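Numbering (our numbering), first residue to last: 18 to 194. Glycine residues also receive a C-beta, built at the ideal position from the N, C-alpha and C atoms. All values reported here derive from a predicted model rather than from experimental measurement.
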Amino acid sequence: MSRVGKMPIALPQGVDVSITAEQISVKGALGTLVRAANPLVSVKNEGGQIVFAAASDAPEADALSGTMRALVANMVSGVSKGFEKKLTLVGVGYRAQAQGAKLNLQIGFSHPVSKDMPEGITVTTPTQTEILIKGSDRQVVGQIAAEVRAIRPPEPYKGKGIRYADEKVTIKETKKK
């Protein structure tokens, strides 16, 4: 059996999990997340811990037990603590401004760029060159951060663009005559 799938998930205080044959629902202080259950994985709530096991002897069931455990662990962590991604803008005159559920960017184009945030995602700009994306769903937070970064990814010669806060950009050397 999968080593990840064998580990139970301890439920923190204030997190409720309801398990049906079709879906797994996790409710906490930061919202509710729902994920479809897989028939190859059996999920049980045993005394404040969620336990996963392969429902059959198929290798896919074994692999999916670890995958489902990781996905549900992210759901539990998301509704209790939440997830965040930090982006930084590098470039002269590059600015970001959050207005409600909208992110306005001035990043060297001839026009300002506006990005709408989906439901459950909050965006803040602590400074003009920092963007903080927060939410309870890890996949959505990462996807929105990737979409914002894709508007102007860092270029390899000067490093200008939008990058993750922990991203290292390798600068290329210019051509010599």
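Tell me, which residues are paired with Val140 by DSSP?
Your numbering for residue 140 matches position 123 in the sequence shown. Paired residues: Ile150.
Thinking just about the alpha-carbon of each residue, which of Ile67, Thr146, Asp33, Ser97 is nearest to the one in Lys23?
Here the question's residue 23 lines up with position 6 in the sequence shown. Considering only alpha carbons, the answer is Ile67.
With the cut-off set at 7 Å, would you say Ala27 and Gln40 are in Cβ contact?
Within the sequence shown, numbered from 1, the residue matching residue 27 stands at position 10. Within the sequence shown, numbered from 1, the residue matching residue 40 stands at position 23. Taking 7 Å as the Cβ cut-off, Ala27 and Gln40 do not qualify as a contacting pair.
State the Cα-Cα distance for the pair Pro171 and Ile150, rounded to the nearest angstrom.
Here residue 171 refers to the residue found at position 154 when the sequence shown is read from its first residue. Here residue 150 refers to the residue found at position 133 when the sequence shown is read from its first residue. So the alpha carbons of these two residues sit roughly 19 Å apart.
Provide the residue span of the alpha helix (DSSP H) that contains Val93, from first to last.
To locate residue 93, count along the sequence shown from 1; it is residue 76. Taken as a continuous stretch (DSSP letters only), the alpha helix (DSSP H) holding Val93 covers 76 to 97.
Leaving aside the five residues before and after Thr139 along the sequence, list all residues of the same chain whose C-beta is less than 6 Å from its C-beta, in chain order.
Within the sequence shown, the letter at position 122 stands for residue 139. Residues Lys151 of the same chain have their beta carbon placed closer than 6 Å to that of Thr139, with the five preceding and five following residues left out of the count.
Phe69 beta carbon less than 7 Å from that of Val158
For the purposes of this step, residue 158 is taken as the residue at position 141 of the sequence shown. For the purposes of this step, residue 69 is taken as the residue at position 52 of the sequence shown. In this structure, Val158 lies away from Phe69, with their beta-carbon atoms at least 7 Å apart.
Considering only DSSP beta bridges, list what Asp133 is partnered with.
For the purposes of this step, residue 133 is taken as the residue at position 116 of the sequence shown. Asp133 is bridged by DSSP to Lys119.
Any non-hydrogen atom of the ligand PLP closer than 6 Å to Gly137 Cβ:
By its list of ligands, the structure shown contains no ligand whatsoever, and the ligand PLP lies outside what it can speak to.
If you reduce the DSSP assignment to three classes, tell me which class Lys23 lands in.
Within the sequence shown, residue 23 is the residue found at index 6, counting from 1. The three-state reading of DSSP puts Lys23 in helix, counting H, G and I together.
With a cut-off of 8 Å, do at least 3 Cβ pairs link the stretch 99 to 115 to the stretch 177 to 193?
Touching, per the Cβ criterion.
In terms of residue numbering, what span does the beta strand (DSSP E) encompassing Ile36 cover?
Locating residue 36 in the sequence shown gives position 19, where the first residue counts as 1. For Ile36, the enclosing beta strand (DSSP E) has its first and last residue at 33 to 36.
If we ignore side chains and look at the alpha-carbon of each, how far apart do Gly137 and Lys102 end up?
In the sequence shown, residue 137 corresponds to position 120, counting from 1. In the sequence shown, residue 102 corresponds to position 85, counting from 1. Computed Cα separation, rounded: 14 Å.
Based on Cα-Cα distance, which residue from Val89, Glu164, Ile188 lies nearest to Lys132?
Start at 1 with the first residue of the sequence shown, and residue 132 comes out as number 115. When only C-alpha atoms are compared, the closest one is Glu164.
Taking the alpha carbon of Lys189 as the reference point, which residue from Pro173, Ala182, Met134, Val21 has its own alpha carbon closest?
For the purposes of this step, residue 189 is identified with residue 172 of the sequence shown, where counting begins at 1. Of Pro173, Ala182, Met134, Val21, the smallest CA-CA separation from Lys189 is found for Pro173.
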